[in-house]
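Asks:
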């Protein structure tokens, strides 16, 4: 929702970048600024645990941030100086020092007085529960001790000895054995987990009654607790003085080198990291980094973004490797144009700079964009890849846009902005269900699923078939440019998929409503809605004959329109 609002409101791109990297250091009381920092929460959060997991999480932040905003593969310098670009390993760890102080924050999306009231009520109930929980623990303690001893007695003798040795006399090996025993006792995934049920089963009748009464009182108080507040996954820091960051030789956590100060890409220039203001709750390093990144003297940020916008409209960027402006990336086909667009992007127009909408307008009204898509034999011979922009490229629409287009021409598209995701129907045969892999899909004819594809829930382990077939990228890595394949399953899906069949039928119903029973008017209306043009005489005559030749001819014709290249390609 934040991203959609930012684009619709034409939020200046430099502000958009600064908020995502350091919104909490600009406006910690602003819900919008805090929500923006969710960008830094989209990767793995300490996956694998410990310092290695933390290093991997920081690596993901550095890699994604540099690819996205700088078009540079800074992540390649984690273990050694970059093999091809002037990025030193020390640069990687200097940038890591910028992001290392971050920590996850659940930012409440309600007023401060509501947060205070919620905390006070939760604290009051916790206070009432505390003596009850203490009494419950004391009642369970002797029975728990018996169960633990029974479990330990079934272990190998050396583990029993380790458990019964006083803590201050245990050897390092015995300490590891005890840790393993405790982990086994506490692990939910193992059958040895000791539960309340196991403990209660050993109790006397009198203690069972006491235990049941205590549990009932605790549960009754749980029900009185206020509902959890709505929160945003945000980023913050623990304080103004972060822990030191160290250079890691070969990227190994066991090869700690000297402490490093926060920094940026040395090949571009330095960044002035000032001490944070008094009473600051963070180091303000990310704010300084964001200011450096969006400074008009930075040669990368504006160029990278206008190149992405050019790719969006023309199918290929002026630099055809949009996230790699380095030596292994493609050189720009029109470097002067790229420079000029970057300057136009940053310069104020009508009192506004870094305007994405103005850049869209500039590109869409250009002569290059208004060219036809026709092939010219002489030009094909000289420039088959159209690098010199002698025609408008033909671009297959993205999977989500194809779905939206079918909903739109059928008159079903729900254009409501914001709110929760939807779950269109997926045949359970297409995925293996489990407790963690479920898909609460609704039928294709449920209007609740007719929202724009932007709001279709994205689950890494369960892919929506229409999207997957039309080259939606995987949901693990950042994708700089989608593949555009032409394969048989795409045609088969458009011919046989239940959603497509339903929308074709809805399209036919719309035509009957808009044009009445006149088949000629139905055909003309269908071409205007689906293809944005009137049918040719041959198309009109042939279509009318087809519709009249079969009972469900109108719906089948509508489905045929969905299958046309002209429907799924922009040209």
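Numbering (my numbering), first residue to last: 46 to 616. We put the beta carbon where it would ideally sit given N, CA and C, even for glycine.
#1: In three-state terms, what does DSSP make of residue 152?
#2: Measuring straight from C-alpha to C-alpha, what distance separates residue 472 and residue 494?
#3: How many Å lie between residue 618 and residue 574 at the Cα?
#4: Quick one: complete alpha helix (DSSP H) runs, 4+ long, within the stretch 310 to 391?
#5: Residue 273 and residue 154: beta carbons closer than 9 Å?
#6: In the DSSP assignment, the beta strand (DSSP E) including residue 133 goes from what residue to what residue?
#7: Nearest to residue 126 by alpha carbon, out of 246, 293, 148, 58?
#8: Evaluate the contact criterion for the stretch 127 to 142 versus the stretch 301 to 318: three or more CB pairs, one atom per stretch, below 8 Å.
#9: Can you list the alpha helix (DSSP H) stretches of 4 or more residues lying completely in the stretch 379 to 458, in chain order?
#10: Kindly list the residues whose CB is nearer than 8 Å to the CB of residue 336, restricted to its own chain and excluding five residues on each side of it in sequence; keep chain order.
#11: From the DSSP secondary-structure annotation, give me the bridge partner or partners of residue 280.
#12: Which partner residues does residue 231 have in the DSSP bridge list?
#13: Count Cβ pairs between the stretch 347 to 362 and the stretch 157 to 170 that sit closer than 8 Å; are there 3 or more?
#14: Roughly how many angstroms separate the alpha carbons of residue 617 and residue 547, rounded to a whole number?
#15: Within the chosen definition, does the stretch 438 to 448 reach the stretch 514 to 523 through at least 3 CB pairs nearer than 8 Å?
#16: Do residue 191 and residue 99 come within 9 Å of each other at the CB atom, strictly closer than that value?
#17: Please decide whether residue 440 counts as near chain D, where near means a Cβ-Cβ distance under 9 Å.
#18: Just to confirm the assignment, what range does the beta strand (DSSP E) spanning residue 301 have?
#19: Classify residue 113 as buried or exposed, calling it buried when 16 or more other Cβ atoms lie within 10 Å of its own Cβ.
#20: Using a Cβ-Cβ cutoff of less than 7 Å, which residues in the same chain neighbour residue 592 once the five nearest sequence positions on both sides are dropped?
#21: Taking the beta carbon of residue 635 as the centre, do at least 16 other beta carbons fall within 10 Å, making it buried, or is it exposed?
#22: Report back the beta-carbon spacing between residue 149 and residue 280 to the nearest angstrom; my notes put them in contact at under 8 Å.
#23: For residue 537, is the classification buried or exposed, using 16 other Cβ atoms within 10 angstroms of its Cβ as the cut-off for buried?
#24: Does the stretch 520 to 528 come close enough to the stretch 102 to 117 that 3 or more CB-CB pairs lie under 8 Å?
#25: Can you tell me whether residue 607 is buried or exposed? The criterion is at least 16 other CB atoms within 10 Å of its CB, across all chains shown.
#26: Residues in its own chain within less than 7 Å of residue 441 by CB, not counting five upstream and five downstream?
#27: Measuring alpha carbon to alpha carbon, tell me which residue in 217, 75, 133 is nearest residue 2.
#28: Which of helix, strand or coil does DSSP assign to residue 532?
#29: Which runs of the beta strand (DSSP E) fall wholly inside the stretch 146 to 224 and span at least 3 residues, in chain order?
#30: Counting pairs of Cβ atoms below 8 Å between the stretch 99 to 109 and the stretch 341 to 351, do you hit three or more?
#31: Give the range of the beta strand (DSSP E) segment to which residue 291 is assigned.
#32: Confirm, please, whether the CB-CB distance from residue 328 to residue 322 is below 9 Å.
#33: Between residue 61 and the rest of its own chain, which residues show a CB-CB distance below 6 Å, the 5 nearest in sequence each way excluded?
#34: I'd like the ranges of any alpha helix (DSSP H) spanning at least 4 consecutive residues and lying wholly in the stretch 95 to 134.
#35: Taking all protein chains shown into account, decide if residue 464 is buried (16 or more other Cβ within 10 angstroms of its Cβ) or exposed.
#36: Note down the Cα distance separating residue 233 from residue 290, rounded to an integer number of angstroms.
Replies: By the coordinates alone:
#1: As a position in the chain shown, residue 152 is number 107, starting the count at 1. In this structure, residue 152 counts as strand in the three-state DSSP scheme.
#2: On the chain shown, residue 472 is found 427 positions in, with the first residue counted as 1. On the chain shown, residue 494 is found 449 positions in, with the first residue counted as 1. Cα to Cα, the separation comes out at about 15 Å.
#3: The structure shown does not extend to residue 618, since the chain spans only 46 to 616, so no value can be given for it.
#4: Whole alpha helix (DSSP H) segments, 4+ residues: 330 to 338, 346 to 359, 380 to 391.
#5: In the chain shown, counting from the first residue as 1, residue 273 sits at position 228. In the chain shown, counting from the first residue as 1, residue 154 sits at position 109. Here residue 273 is not near residue 154, since their CB atoms are 9 Å or more apart.
#6: Locating residue 133 in the chain shown gives position 88, where the first residue counts as 1. It is not in any beta strand (DSSP E) - residue 133 carries neither H nor E in the DSSP assignment.
#7: Along the chain shown, one-based indexing puts residue 126 at 81. When each option's Cα is compared against that of residue 126, the closest is 293.
#8: Touching, yes, given that three or more Cβ pairs across the two stretches are closer than 8 Å.
#9: Listed in chain order, they are 380 to 391, 401 to 409, 422 to 427, 444 to 454.
#10: For the purposes of this step, residue 336 is taken as residue 291 along the chain shown, with counting starting at 1. Cβ neighbours of residue 336 beyond the five flanking positions: 63, 316.
#11: Here residue 280 is taken as the residue at index 235 of the chain shown, counted from 1. Answer by DSSP bridge pairing, in chain order: 149.
#12: Walking along the chain shown from the start, residue 231 turns up at place 186. For residue 231, DSSP records no beta bridge to any residue.
#13: Verdict: no, contact absent.
#14: What the structure shows of the chain is the stretch from 46 to 616, and residue 617 is not part of that stretch, so it cannot be assessed.
#15: Three or more beta-carbon pairs separated by less than 8 Å link the stretch 438 to 448 to the stretch 514 to 523, which places the two stretches in contact.
#16: Residue mapping note: residue 99 aligns to position 54 of the chain shown, counting from 1. Residue mapping note: residue 191 aligns to position 146 of the chain shown, counting from 1. No, the pair does not count as a contact, with Cβ atoms beyond the cut-off.
#17: Of the protein chains in the structure, only one exists, and it is not chain D.
#18: The count along the chain shown starts at 1 and reaches residue 301 at position 256. Annotation: the continuous beta strand (DSSP E) that includes residue 301 extends over 301 to 305.
#19: Sequence index remark: in the chain shown, residue 113 carries index 68 (1-based). By the neighbour-count rule (16 or more Cβ atoms within 10 Å), residue 113 is buried.
#20: In the chain shown, residue 592 corresponds to position 547, counting from 1. The residues are 564, 598, 599, 602.
#21: In the structure as shown, the chain begins at 46 and stops at 616. Residue 635 is therefore absent and cannot be evaluated.
#22: Start at 1 with the first residue of the chain shown, and residue 149 comes out as number 104. Start at 1 with the first residue of the chain shown, and residue 280 comes out as number 235. Indeed, because the Cβ distance is near 7 Å, the residues count as touching under 8 Å.
#23: As a position in the chain shown, residue 537 is number 492, starting the count at 1. Flag for residue 537 reads exposed.
#24: Between the stretch 102 to 117 and the stretch 520 to 528 there are three or more inter-stretch CB-CB distances shorter than 8 Å, so the stretches are counted as touching.
#25: By one-based count along the chain shown, residue 607 stands at place 562. Residue 607 comes out buried.
#26: Start at 1 with the first residue of the chain shown, and residue 441 comes out as number 396. Cβ neighbours of residue 441 beyond the five flanking positions: 529, 613, 614.
#27: The chain is shown from 46 up to 616; residue 2 falls before or after that span and cannot be answered.
#28: The sequence position of residue 532 within the chain shown is 487, counting from 1. In the three-state DSSP reduction, residue 532 falls in the coil class, being neither helix nor strand.
#29: You should have 147 to 153.
#30: Remark: fewer than three beta-carbon pairs, one from each stretch, lie closer than 8 Å, so the stretch 99 to 109 and the stretch 341 to 351 are not flagged as touching.
#31: Taking the chain shown and counting its residues from 1, one reaches residue 291 at position 246. Its beta strand (DSSP E) spans residues 290 to 293.
#32: Along the chain shown, one-based indexing puts residue 322 at 277. Along the chain shown, one-based indexing puts residue 328 at 283. No, the Cβ-Cβ distance between residue 322 and residue 328 is not below 9 Å.
#33: By 1-based counting over the chain shown, the position of residue 61 is 16. Exclusion of the five residues before and after residue 61 leaves 51 as the residues of its chain whose Cβ lies within less than 6 Å of its Cβ.
#34: DSSP runs (the alpha helix (DSSP H)) wholly in the stretch 95 to 134: 95 to 110.
#35: Looking up residue 464 in the chain shown gives position 419. Counting the other CB atoms within 10 Å of its CB gives residue 464 a total below 16, which places it among the exposed residues.
#36: One-based indexing of the chain shown puts residue 233 at position 188. One-based indexing of the chain shown puts residue 290 at position 245. In this prediction, residue 233 scores a pLDDT of 46, lower than 50, which makes its location untrustworthy; no coordinate-derived value is stated.
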